[in-house]
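Just so you know, the sequence shown maps onto residues 520 to 792 in the working numbering. Take a look at the structure below.
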Amino acid sequence: MKRILAIALAVFAVLVVGTAATGSVQSLITGADIKDASIGSNDIKPGAIQSHDIQNGTIAEVDLSKILLTQLQGIAGTQGAKGDTGATGATGATGATGATGATGATGATGALGDKGATGAVGPKGDTGAQGAVGPQGADGPRGIPGSNSISDLEADGPYPGRPDPENNLHGNQGAQSTTMWAGDGTLQQSWVKCAPGKVALGGGFGQNDVQTDQLVIVTSAPTQIAGGVLVYNPITGDAAGSFVPNGWLIQGYNKSGQNLIVRPWVICAKVCP
Numbered sequence: 520m521k522r523i524l525a526i527a528l529a530v531f532a533v534l535v536v537g538t539a540a541t542g543s544v545q546s547l548i549t550g551a552d553i554k555d556a557s558i559g560s561n562d563i564k565p566g567a568i569q570s571h572d573i574q575n576g577t578i579a580e581v582d583l584s585k586i587l588l589t590q591l592q593g594i595a596g597t598q599g600a601k602g603d604t605g606a607t608g609a610t611g612a613t614g615a616t617g618a619t620g621a622t623g624a625t626g627a628t629g630a631l632g633d634k635g636a637t638g639a640v641g642p643k644g645d646t647g648a649q650g651a652v653g654p655q656g657a658d659g660p661r662g663i664p665g666s667n668s669i670s671d672l673e674a675d676g677p678y679p680g681r682p683d684p685e686n687n688l689h690g691n692q693g694a695q696s697t698t699m700w701a702g703d704g705t706l707q708q709s710w711v712k713c714a715p716g717k718v719a720l721g722g723g724f725g726q727n728d729v730q731t732d733q734l735v736i737v738t739s740a741p742t743q744i745a746g747g748v749l750v751y752n753p754i755t756g757d758a759a760g761s762f763v764p765n766g767w768l769i770q771g772y773n774k775s776g777q778n779l780i781v782r783p784w785v786i787c788a789k790v791c792p
């Protein structure tokens, strides 16, 4: 009996899903008082179960199953023929634009572009601090003497009052005067000449024997001497009348009342043209 009730309840649960099923079940049971997973006498409609369906106080499994099967077959009708495929519906409207996708990976570096034009020259920077003085370099080789070189430099100083041979013992001096200055207060002179081939570069005088403040010198100058006398031969074409000196001249007054030795000096040298 329990097995039959279980089957009946399972069938009942299936039948109550649809409207057609509900109507068929209600043809057998009331359905209003089913509780506690059991079917009572109040749940079975009158006339649904006949006397031949009950044996020994129980509902026969075959009869009850037959009854339920009969009801189920009545509920489920035969399957109808498949209908024709309906026409394709119209294309729906375009959907909204989707969200922007994630940024892709960075591409490879492109080729180097052409060189741009040279920019304008910037302003001149400040002058840097002066660097330290470097060490002195070694002396370079001595240069070749120029065309206007000087050689054989010497100072000639004759001693007046002595014969000329005594004043030129070495043969490298020129002529000179030998007269002492008389102490009469008149204008007097002494001169000295460079050796042959030399010119006068400078000169002066010295008072050798007697020191006195009565000697007055008024001339100390380069001069030209030829044949023991003073001459003047200017340089050809020189508008200023310059000359090449070869001696030195001293002139002045001796007011001491006695004869004095006034010795002229001349600095001589060879000058290459």
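Built from N, CA and C at the ideal position, the CB exists for glycine as well. Quick caveat, the model's predicted, so the values are computed rather than measured.
| Query | Result |
| --- | --- |
| Report yes or no: do the segment 766-785 and the segment 723-740 share at least 3 C-beta pairs separated by less than 8 Å? | yes |
| Do leucine 779 and leucine 734 have their C-beta atoms closer together than 8 Å? | yes |
| Isoleucine 780 by DSSP, collapsed to three states: which one? | coil |
| Based on the DSSP output, what are the partners of phenylalanine 724 in its beta bridges? | Pro783 |
| Where do the ends of the beta strand (DSSP E) carrying alanine 740 lie? | 734-745 |
| In whole angstroms, what is the alpha-carbon distance linking glycine 650 and glycine 644? | 17 Å |
| Starting from the Cα of alanine 790, find the closest Cα among Thr625, Ile669, Val652 and give me that residue. | Note that residue 790 corresponds to valine in the displayed sequence, not to alanine. Of the listed residues, the one whose Cα sits closest to valine 790 is Ile669. |
| Should arginine 782 be labelled buried (16 or more other beta-carbon atoms within 10 Å of its own) or exposed? | buried |
| Rounded to whole angstroms, what is the Cα-Cα separation between serine 696 and alanine 674? | 16 Å |
| Could you pull the DSSP bridge partners for lysine 601 from this structure? | For lysine 601, which the question treats as bridged, DSSP gives no partner whatsoever. |
| By the three-class DSSP mapping on this structure, what secondary structure does aspartate 582 have? | Its pLDDT being 45, under 50, aspartate 582 is placed unreliably by the model, and nothing is read from it. |
| What does DSSP give as the partner residue(s) for lysine 712 in the beta ladder? | Gly766 |
| Mark asparagine 773 as exposed unless 16 or more other C-beta atoms lie within 10 angstroms of its C-beta, in which case mark it buried. | buried |
| Could you name the residues that DSSP lists as bridge partners for alanine 719? | Cys787 |
| What are the boundary residues of the beta strand (DSSP E) that valine 748 is part of? | 748-750 |
| Short of 7 Å in beta carbon distance, which residues of its chain neighbour serine 497, apart from the five on each side in sequence? Order them along the chain. | Residue numbering for the chain in the displayed model covers 520 to 792; residue 497 lies beyond these limits and cannot be assessed. |
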